[in-house]
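K.L.:
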Amino acid sequence: MRPNIGIINALIRLTVGFTLLSLATSRLTRRPYRDSYLWLAFLAAMKIGEGITRFCPLVFAYDKYQEDQHDYTERPPINPS
């Protein structure tokens with residue numbers, strides 16, 4: 478896994494992730510039956526992990542998609558005549 482996001486982006490992801498994780502855990506202590514706060518905690522933990530490893534799977538998938546699209550545009554046009 479090569480890092481595919483920058484330092485500033487990683488710091489922003491860490492800040493947002495820790496903020497959302499603290500929000501989700503504080504809300505879960507008052508309403509433990511709400512599943513939406515549990516999902517928020519999972520997403521926040523994912524953002525924290527992305528910030529620590531500096532690897533985002535969505536950016537990786539987007540880059541792979543762009544490479545595939547770029548390969549198709551480099552082919553020479555077919556002459557029908």
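Every number in the numbering used here is 477 more than the matching position in the sequence shown, counting from 1.
Cβ atoms here follow ideal geometry from the backbone N, Cα and C, with glycine treated the same way.
How is I484 classed by DSSP in three states: helix, strand or coil?
P.N.:
The answer is helix: DSSP assigns I484 an H, G or I state.
K.L.:
What does the alpha-carbon distance come out to for the pair C533 and N481?
P.N.:
Near 7 Å, if we compare the C-alpha coordinates of N481 and C533.
K.L.:
Looking only at its chain, what residues have a beta carbon closer than 6 Å to the beta carbon of Y514, apart from the 5 residues adjacent to it on each side?
P.N.:
So the qualifying residues of the chain are A501, R504 and L505.
K.L.:
Are there three or more Cβ pairs, one per stretch, closer than 8 Å when the region 518 to 528 is compared with the region 487 to 502?
P.N.:
Output reads yes: the region 487 to 502 touches the region 518 to 528.
K.L.:
Within 10 angstroms of its Cβ, does G528 collect 16 or more other Cβ (buried), or is it exposed?
P.N.:
The residue is buried, with at least 16 neighbouring Cβ atoms inside 10 Å.
K.L.:
Does R490 pass the burial test, meaning 16 or more other C-beta atoms within 10 Å, or should it be called exposed?
P.N.:
By the neighbour-count rule (16 or more Cβ atoms within 10 Å), R490 is buried.
K.L.:
Nearest by alpha-carbon distance to I525: which of F537, D512 and A487 is it?
P.N.:
When each option's Cα is compared against that of I525, the closest is A487.
K.L.:
Using the Cα positions of E484 and R531, report the straight-line distance between them to the nearest angstrom.
P.N.:
Note on residue identity: the sequence assigns Ile, not Glu, to residue 484. Distance between the alpha carbons of I484 and R531 is about 8 Å.
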